[in-house]
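Residue numbers 356 to 889, in our numbering, belong to the letters of the sequence shown in order. Backbone N, C-alpha and C fix where the C-beta goes; we use that ideal spot for every residue, glycine too. Quantities reported herein were computed from a predicted structural model and do not represent experimental measurements. These notes concern the structure reproduced below.
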Amino acid sequence: MTADGPNDDLMNGVVTTKADEIVSYNPATGDEVGRVPIASAEDTAAALRRSRTAFQSWKQTSFAERKRLVMAAREVILAEVDEIAHLISSESGKPFGEAIAFEVAPVLDLMQHFARRSERMLRPAKIDIGLFKLLGRSSRVVYHPLGVVGIIPAWNYPFSIPLGEAVMALMAGNTVIIKPSELTPMTGLKIAEVFEKAGFPADAVQVISGDGSTGAALVEAGPDKIMFTGSVATGKKIAAAAAKDLTSVVLELGGKDPMIVFEDANLELAARAAVWGAFCNSGQNCAAVERLYVHESVADALTQKIIQKTLELKQDTGDKETTSIGAMSSERQLKIVEDHVAAFRADGARIETGGRRNPGLEGLFYEPTVITNAHNDMRAMREETFGPTLPIATFSTEEEAVRLANDTEFGLTASVWTRDYAKGRRVAERIEAGTVCINEHLYTHGIGQTPWGGFKNSGRGRTHGREGLMELVQGQHIHTNRIAILPDAWWLPYTPTAVETFRGFASKFASGSMIKTSLMLPLLFKRIRELLKK
Ligand code: NAD
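Below is the structure:
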């Protein structure tokens with residue numbers, strides 16, 4: 356932090372120049388990308404009040420109107436694809452082509468999906484209430500929006516994650532406040548611009564820039580839901596702060612995702628997938644391959660392919676179409692990578708490629724690093740690295756592979772590589788992770804139709820898919836009695852006949868069997884007659 360301009364903190368990608376301003380820098384070049392004010396706690400509370408007011412009219416809009424606006428926002432993005440991708444690239448360091456492939460394209464697909472399908476997914480749902488139907492009863496669930504949804508994202512997918520969550524929240528009838536990461540504030544403002552250009556009503560979506568203190572102020576202000584993406588440590592702080600007002604939270608947290616390669620896998624494909632899964636976005640993916648377990652009989656063959664493909668990757672600034680690996684987003688993150696690589700070395704693992712900052716480039720470039728002889732006792736195999744490292748360990752049996760994969764506090768995603776699909780599914784179902792792919796890795800966050808979220812310390816709740824949409828509504832149960840002429844047998848006053856009837860409820864009605872229940876009909880009529888006489 357500095358009083359009046361960039362200095363040694365510059366390559367952190369963010370420098371606070373004044374107490375109330377963030378300056379965003381390109382981590383590849385050190386150039387300033389832009390500056391934004393830090394919203395104060397008062398600003399944040401005022402934004403929340405405006406959001407509540409906007410909610411009163413937004414929740415009345417039809418699905419058709421919401422769809423029209425979301426589809427208009429798609430058009431705004433489509434008209435500026437390259438511009439948006441370059442902005443994402445300049446703030447995060449990732450190659451701009453990657454910003455199109457893994458941010459712009461997937462979020463456009465998510466937008467059309469939820470614009471078109473939310474109405475059907477949120478249609479009132481009839482519930483089968485079993486034998487209660489015989490009493491002329493029916494139940495359905497009606498879905499209501501929650502109110503104000505606060506979105507606090509990380510910096511690694513600064514466009515697609517908050518935008519996708521915002522669209523889902525809006526389609527469900529909520530209003531939204533986004534507090535972008537302090538490392539990518541200009542991308543956050545771009546999201547606000549997209550909604551504004553699309554014609555969304557004022558305050559339906561607000562973007563307030565700031566750092567962790569602004570995020571904390573947003574939680575403190577008391578929205579109706581928090582959608583958080585970030586570290587386990589911050590997730591715990593947010594969950595604790597939100598508990599004060601019983602604000603519900605979805606937490607999308609870290610990962611240490613395993614890739615298991617069996618001896619019968621297509622090794623060429625597995626090697627390519629491992630290189631992509633570990634090194635795209637400089638490994639700064641919650642679902643990156645952070646541990647590769649390969650069957651000992653094919654370990655050498657797979658490792659050689661991985662090393663060869665890694666050495667072919669071109670690392671450079673993200674603005675070039677030939678760049679495969681860009682800069683990391685912050686000095687802080689790069690230092691974690693250095694620490695983990697040093698720990699691997701010290702613990703006896705072998706650094707096969709990389710293992711250092713790129714000496715030919717000036718920004719925050721860390722070379723893609725393949726590591727062999729890794730095992731689970733090493734600290735760096737247990738903590739999230741979130742950088743371009745690919746540690747490889749071996750296993751000898753299916754049982755051991757599952758045990759090693761599950762030997763972690765995290766459980767976001769995993770992958771299993773085999774030509775035997777029965778084995779693939781068997782192993783996948785034993786892995787403790789929110790998503791397990793067979794012969795694929797990482798990319799299902801880009802399929803907005805599918806649920807996303809972690810087991811264990813990787814999170815709580817879901818984003819994306821039907822499950823993610825349901826996080827953004829509250830279900831109201833409407834129960835109707837269509838034969839409202841007789842008292843219920845369980846009403847007061849109680850008598851010996853009542854108690855006998857209740858025994859029948861327990862032994863017959865509650866069995867779910869129509870035949871058994873019919874045996875208690877005489878008793879039921881007796882009880883009703885008794886009640887009618889009282
Ligand atoms: P972080 O926890 O440092 O910050 C995330 C966000 O929280 C930022 O916007 C930050 O300003 C805000 N914040 C910080 N302190 C806060 C507080 N006390 N109250 C409210 N908000 C606060 O995480 P990061 O470094 O930005 O992101 C990296 C982490 O995100 C990694 O662990 C990664 O695995 C995880 N991540 C998870 C997913 C997923 O879908 N599970 C996706 C992307 C990233």
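Would the C-beta of residue i count as close to ligand 1, meaning under 7 Å from any of its heavy atoms?
i	result
Phe457	no
Phe810	no
Asp566	yes
Lys534	yes
Val462	no
Tyr299	Summary: the structure shown does not reach residue 299, with the chain confined to residues 356 through 889, and so no result is reported for it.
Thr584	yes
Glu738	no
Ala571	yes
Ile507	yes
Lys599	no
Val574	yes
Ile793	no
Leu608	yes
Ser868	no
Cys635	no
Lys690	no
Thr589	yes
Pro389	The displayed chain sequence assigns Gly, not Pro, to residue 389. Gly389 Cβ: outside cutoff for every heavy atom of ligand 1.
Phe514	no
Ile593	yes
Sort the options by Cα distance to residue i and report the nearest one.
i	options	result
Arg478	Val828, Asp398, Val725	Val828
Ala509	Lys545, Thr530, Ser586	Ser586
Asp579	Glu376, Met875, Val431, Arg404	Arg404
Val605	Pro613, Asp612, Ala594, Lys599	Ala594
Leu538	Asn381, Leu573, Ala409, Lys545	Asn381
Lys675	Phe410, Pro392, Ser445	Ser445
Asp722	Gly502, Gln411, Ser637	Looking at the sequence itself, residue 722 is Glu, so the reference to Asp does not match. Answer by Cα proximity: Ser637.
Phe750	Lys669, Arg815, Met614	Met614
Ala456	Thr850, Ser679, Ala394, Tyr776	Ser679
Gln688	Asp671, Asn511, Val771	Asn511
For the beta strand (DSSP E) holding residue i, just list the boundary residues, first then last.
i	result
Met614	612 to 616
Met582	580 to 584
Val644	644 to 650
Glu376	376 to 380
Gln917	Residue 917 lies beyond the range of the chain shown here (356 to 889); nothing can be said about it.
Tyr498	492 to 500
Gly332	This structure gives no information on residue 332, because the portion of the chain shown stretches from 356 to 889.
Val771	768 to 772
Thr665	First-last for Thr665: 654 to 666, but that is the alpha helix (DSSP H), not the beta strand (DSSP E).
Lys481	480 to 482
Ser603	603 to 607
Excluding sequence positions up to five away, which residues of its chain have a Cβ less than 8 Å from the Cβ of residue i?
i	result
Phe880	none
Ala769	Asp612, Pro613, Met614, Ile615, Ala760, Ala783, Ile786, Ala788, Thr790, Val791, Cys792
Trp846	Leu886
Gly820	Gly803, Gln804, Thr805, Pro806, Trp807
Gly485	Gly867
Excluding the five sequence neighbours on either side, which residues of its own chain have a C-beta within less than 7 Å of the C-beta of residue i, listed in chain order?
i	result
Ala358	Because the pLDDT at Ala358 is just 31, under 50, the model does not fix this residue reliably, and the point stays unresolved.
Gly389	Ser379, Met541
Ala729	Phe699, Ala704, Met736, Pro746, Ile747, Ala748
Leu657	Val616, Leu622, Ala625, Ala626, Val649
Gly808	Glu607, Gly789, Gly814, Gly816, Arg817, Thr818
Counting along the chain, where does the alpha helix (DSSP H) carrying residue i start and finish?
i	result
Glu753	753 to 761
Pro535	Per DSSP, Pro535 belongs to no alpha helix (DSSP H) and is neither H nor E.
Ile393	No alpha helix (DSSP H) contains Ile393, which DSSP labels as neither H nor E.
Pro851	851 to 862
In its own chain, which residues sit with a C-beta less than 6 Å from the C-beta of residue i, not counting the 5 before and 5 after it?
i	result
Thr891	The first residue shown for the chain is 356 and the last is 889, placing residue 891 beyond what the model contains.
Lys481	Arg495
Arg837	Gly491
Leu577	It should be noted that the sequence gives Gly, not Leu, for residue 577. Taken in chain order, the residues that qualify are Asp600.
Leu797	Gly632, Ala642
Phe514	Ile443, Glu458, Thr542
Ile507	Lys534, Gly570, Phe583
Val462	Ser515, Leu518, Gly519
Gly368	With a pLDDT of 48 at Gly368, under the threshold of 50, the modelled position of this residue cannot be trusted; read the value that follows with caution. Closer than 6 Å at the Cβ level, and outside the excluded window around Gly368, lie Tyr380, Pro382, Leu538, Ser684, Ser685.
Indicate, with yes or no, if ligand 3 has a heavy atom lying under 7 Å from the CB of residue i.
i	result
Asn511	Within the structure as shown, ligand 3 is missing, the only ligands being ligand 1.
Is there a Cβ of chain B sitting closer than 8 Å to that of residue i, yes or no?
i	result
Lys675	The structure shown has no chain B; it contains just one protein chain.
* Asked: Between the region 757 to 766 and the region 408 to 423, do three or more beta carbon pairs fall short of 8 Å?
  -> With the rule of 3 Cβ pairs closer than 8 Å, the region 757 to 766 does not count as touching the region 408 to 423.
* To do: State whether the region 559 to 573 contacts the region 524 to 541, with contact taken as three or more CB pairs (one from each stretch) at a distance under 8 Å.
  => The count of Cβ pairs closer than 8 Å, one atom from the region 559 to 573 and one from the region 524 to 541, reaches three, so the stretches are in contact.
* Asked: Would you say the region 690 to 703 touches the region 718 to 733, given that touching needs at least three Cβ pairs under 8 Å?
  -> Cβ pair count under 8 Å is three or more, so yes.
* To do: Examine the Cβ distances between the region 445 to 453 and the region 490 to 508 and report whether three or more of them are shorter than 8 Å.
  => Output reads no: the region 490 to 508 does not touch the region 445 to 453.
* Asked: Any contact of the region 871 to 885 with the region 519 to 528, i.e. 3+ C-beta pairs under 8 Å?
  -> Flag = no, the region 871 to 885 and the region 519 to 528 do not touch.
* Asked: For the 8 Å Cβ check, are there 3 or more pairs between the region 820 to 838 and the region 497 to 507?
  -> Between the region 820 to 838 and the region 497 to 507 there are three or more C-beta pairs closer than 8 Å, enough to call the two in contact.
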